[in-house]
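2 protein chains.
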Amino acid sequence: MAQTSNRNQSGIKTISRTIRILQGLRELGGAGVTELAEQLDLPKSTVHSHLQSWAEEGYLTSNGDTYDISLSFLEFGGYKASNHPIVSAAQIAVDELAMETDDRVQVIAERRGKGVYVYQTQGGRALPTDTHVGSRVHMHCTASGKAILAYLPEKRVERIIDEHGLPRRTQNTITDREKLYDELAEIRKEEVALDDEERVEGVRCVAAPVLDSDGYPFGALTISSSTRRLWGDTFRSEYPDLVLTTAKSIQLQATYS
Amino acid sequence: MAQTSNRNQSGIKTISRTIRILQGLRELGGAGVTELAEQLDLPKSTVHSHLQSWAEEGYLTSNGDTYDISLSFLEFGGYKASNHPIVSAAQIAVDELAMETDDRVQVIAERRGKGVYVYQTQGGRALPTDTHVGSRVHMHCTASGKAILAYLPEKRVERIIDEHGLPRRTQNTITDREKLYDELAEIRKEEVALDDEERVEGVRCVAAPVLDSDGYPFGALTISSSTRRLWGDTFRSEYPDLVLTTAKSIQLQATYS
DNA sequence: CCAACAATCCGATCCCATTGAACAGTTGTT
DNA sequence: AACAACTGTTCAATGGGATCGGATTGTTGG
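Read top to bottom, the protein sequences are chains A and B.
Going letter by letter, the first sequence gives residues 2 to 258 in the working numbering.
Going letter by letter, the second sequence gives residues 2 to 258 in the working numbering.
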């Protein structure tokens with residue numbers, strides 16, 4: 002530690018604390034004061050006044066004994082998501098793809114080295130999922146993440162791996178740096194990325210990047226299904242073709258608007 | 002004012018201030034320190050340290066000279082939206098309806114007396130819109146808002162009007178209290194609400210409420226289009242039937258899950 | 001080369017976030 | 001009924017840190 006770097010001298014303590022409290026609240030899916038205070042190891046009264054303050058402003062709901070995040074936060078998040086170029090361009094095409102395949106189709110953007118879901122639609126046969134709009138995932142173990150990584154500058158990819166590592170999620174997760182680089186090269190050749198049970202067992206995904214006119218990836222499109230539904234030619238060529246076509250059409254629309 | 006009520010004695014000042022700063026940033030669609038400081042009439046240095054703190058935590062992007070809200074806020078907003086019972090139940094049905102009609106279909110929930118869009122999809126012919134997920138609108142001038150008001154307890158409706166008023170948006174906006182009550186009675190009879198250019202000229206909407214098992218409205222479904230496309234029987238019976246059917250099916254699914 | 005404008009840093013001041021302990025409701029157990 | 005074991009909420013003291021003006025640095029363009 003020595004000089005503990007220059008420490009967050011400009012960081013307002015109340016803000017980082019209040020963020021921690023909000024994050025804790027989200028992770029617990031709503032909670033009471035005591036529960037949250039214990040979870041975060043903070044005094045009850047501190048937690049209480051933070052929650053109260055946010056609730057007063059309408060950003061938390063307080064149903065008697067428990068607080069929860071309110072829809073008002075969408076003012077911030079929703080504003081940014083629907084302004085994201087890929088979302089406005091993608092919606093229609095994504096909805097159609099979901100309808101056509103009956104599976105889940107998601108749009109992802111890169112943010113601080115992780116993938117953020119910015120839009121999703123699902124057909125009737127889509128698997129239940131642990132992700133929602135706003136969820137963040139490691140990029141090395143998802144088709145969409147790899148699709149984006151493949152088109153990021155090499156330096157950038159290195160720094161992302163340095164920061165987030167390559168944690169194992171399943172048997173199939175790529176945890177070796179070199180192996181990942183090989184895979185990314187392959188993806189650049191095929192223009193399509195596959196996830197063969199690399200993040201969740203029993204789930205396969207097919208993704209394609211959406212590039213801007215400079216070839217920089219501002220997002221990716223991914224379709225996911227169970228290994229039962231998605232195998233053989235469907236996994237290797239049919240879905241890849243579908244996804245690639247849709248991605249291209251989004252790309253076209255995005256660059257001409 | 003006299004004794005200025007009991008003032009927000011428990012409200013943490015830094016929090017209400019930081020919220021003001023975030024809201025200002027959103028309203029300006031991203032801004033520099035100086036611009037924002039002037040807008041809010043706060044010292045530059047204060048604004049700076051707030052922005053810096055949020056940026057350090059990854060909730061703001063700082064592209065050199067301007068800050069903007071980042072996708073990370075979706076962690077909060079998106080989580081709540083996709084957990085909202087109406088959204089998870091509605092997605093598939095809403096997407097299908099949008100595809101079928103080629104118009105925009107939106108899901109709205111009530112929040113503090115205003116309507117909040119929590120989900121939307123659009124078909125190929127949908128009008129451009131000024132709303133996005135997270136936008137808040139007055140309820141008296143939208144079909145979905147009126148659909149919800151119609152099924153809220155009368156006391157509640159009164160308080161909402163007291164707080165937010167009935168501001169005029171177009172020639173057709175209902176600005177008279179009694180007239181609104183009549184309309185709400187009508188809506189309860191038909192189970193469908195219409196917006197005939199009451200919020201935006203040239204735009205008509207058809208909405209139906211989604212009620213929980215107690216008859217309490219936890220949201221509404223609305224479809225909007227231009228007066229050119231939406232008129233005569235389409236406006237008066239075809240779309241109302243479609244919306245009502247979809248709303249009922251959502252309601253069914255919501256209560257049995 | 002120099003104003004004019006940004007963002008950022010810095011240091012003194014005094015406000016207020018923090019805190020533990022006291023208070024007030026609610027639940028269910030004896 | 002009375003009680004214990006939980007909650008969420010209030011309160012007053014205190015010392016840390018948010019604040020704010022002014023200094024500094026960096027960039028633009030005349």
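The beta-carbon is built from N, C-alpha and C at its ideal position, and this holds for glycine as well.
| query | result |
| --- | --- |
| Distance, alanine 194(B) Cα to asparagine 272(B) Cα | Limits of chain B in this structure are 2 at one end and 258 at the other, which puts residue 272(B) out of reach. |
| Assigned exposure category for threonine 122(B) - 16 Cβ within 10 Å defines buried | buried |
| Buried versus exposed call for tryptophan 232(B) [16 or more other C-beta atoms within 10 Å across all chains shown] | exposed |
| Threonine 247(B) burial status per 10 Å Cβ neighbour count (16 or more: buried) | buried |
| Uninterrupted beta strand (DSSP E) stretches inside the stretch 121-168 of chain A (no shorter than 3 residues) | none |
| Where the stretch 236-247 of chain B meets chain A: residues whose CB sits under 9 Å from a CB there | none |
| Residues near glutamate 197(A) in its chain [Cβ-Cβ closer than 7 Å; skip 5 each side] | The question names glutamate, but residue 197(A) in the sequence shown is aspartate. Excluding positions up to five away in sequence, the list reads Asn173 and Arg205. |
| Outcome for threonine 102(B) when other beta-carbon atoms lying within 10 angstroms are tallied against a minimum of 16 | buried |
| Interface residues of chain A facing glutamine 40(B) [CB-CB closer than 8 Å] | Those do not exist, as glutamine 40(B) stays about 17 Å from chain A at its closest Cβ, beyond 8 Å. |
| Residues that tyrosine 80(B) contacts on chain A, provided the C-beta gap is smaller than 7 Å | Arg27, Ile70, His133 and Gly135 |
| Three-way DSSP call (helix, strand, coil) for asparagine 84(B) in this model | helix |
| Nearest candidate by alpha-carbon position, reference valine 158(A), set Glu202(A), Glu184(A), Thr62(A) and Leu222(A) | Glu184(A) |
| Paired residues, beta bridge with tyrosine 60(A) - DSSP | DSSP lists no partner for tyrosine 60(A). |
| For histidine 51(A) and aspartate 66(A), the rounded distance between their alpha carbons | 15 Å |
| Residue of Leu167(B), Thr130(B), Tyr60(B) and Ser145(B) minimising C-alpha distance to valine 117(A) | Tyr60(B) |
| Burial state of lysine 81(A), where buried means 16 or more other Cβ atoms lie within 10 Å | buried |
| Segment contact, 8 Å Cβ cut-off, at least three pairs: the stretch 91-101 of chain B with the stretch 93-101 of chain A | yes |
| Cβ pair serine 17(B), histidine 133(A) closer than 8 Å | no |
| 8 Å Cβ cutoff, aspartate 215(B) in contact with chain A | no |
| Exposure label - glutamate 164(B); buried when at least 16 CB within 10 Å | exposed |
| Buried versus exposed call for glutamate 191(B) [16 or more other C-beta atoms within 10 Å across all chains shown] | exposed |
| Residues that isoleucine 70(A) bridges to, as DSSP identifies them | Leu61(A) |
| Outcome for tyrosine 120(B) when other beta-carbon atoms lying within 10 angstroms are tallied against a minimum of 16 | buried |
| Proximity test, Cβ basis, 8 Å: phenylalanine 219(A) and chain B | no |
| Helix, strand or coil at isoleucine 175(A) [DSSP, three-state] | coil |
| Cβ pair glycine 78(B), glycine 78(A) closer than 8 Å | yes |
| Buried versus exposed call for threonine 35(B) [16 or more other C-beta atoms within 10 Å across all chains shown] | exposed |
| Contact residues within the stretch 111-133 of chain A, judged by C-beta distance below 8 Å to chain B | Arg112, Arg113, Val117, Tyr118, Val119, Thr122, Gln123, Gly124, Gly125 and His133 |
| Threonine 223(A): first and last residue of the uninterrupted alpha helix (DSSP H) it sits in | That residue, threonine 223(A), is in no alpha helix (DSSP H); its beta strand (DSSP E) goes 218-227. |
| 8 Å Cβ cutoff, serine 227(A) in contact with chain B | no |
| Where glycine 146(B) falls, given that 16 or more other Cβ within 10 Å makes a residue buried | buried |
| Isoleucine 224(A) versus leucine 150(A): straight-line alpha-carbon distance, rounded | 17 Å |
| Beta-carbon proximity list for glutamine 4(A), same chain, < 8 Å, skipping 5 on both sides | Confidence at glutamine 4(A) is low in this model, with a pLDDT of 32, below 50, so the placement of that residue should be treated as unreliable; the coordinate-derived value is given next. Taken in chain order, the list of residues that qualify is empty. |
| Chain A within 8 Å of isoleucine 149(B), Cβ atoms only | no |
| Proximal residues, the stretch 88-99 of chain B versus chain A, C-beta separation under 8 Å | Gln92, Ile93, Asp96, Glu97 and Ala99 |
| Three-state class that DSSP yields for isoleucine 13(B) in the structure shown | coil |
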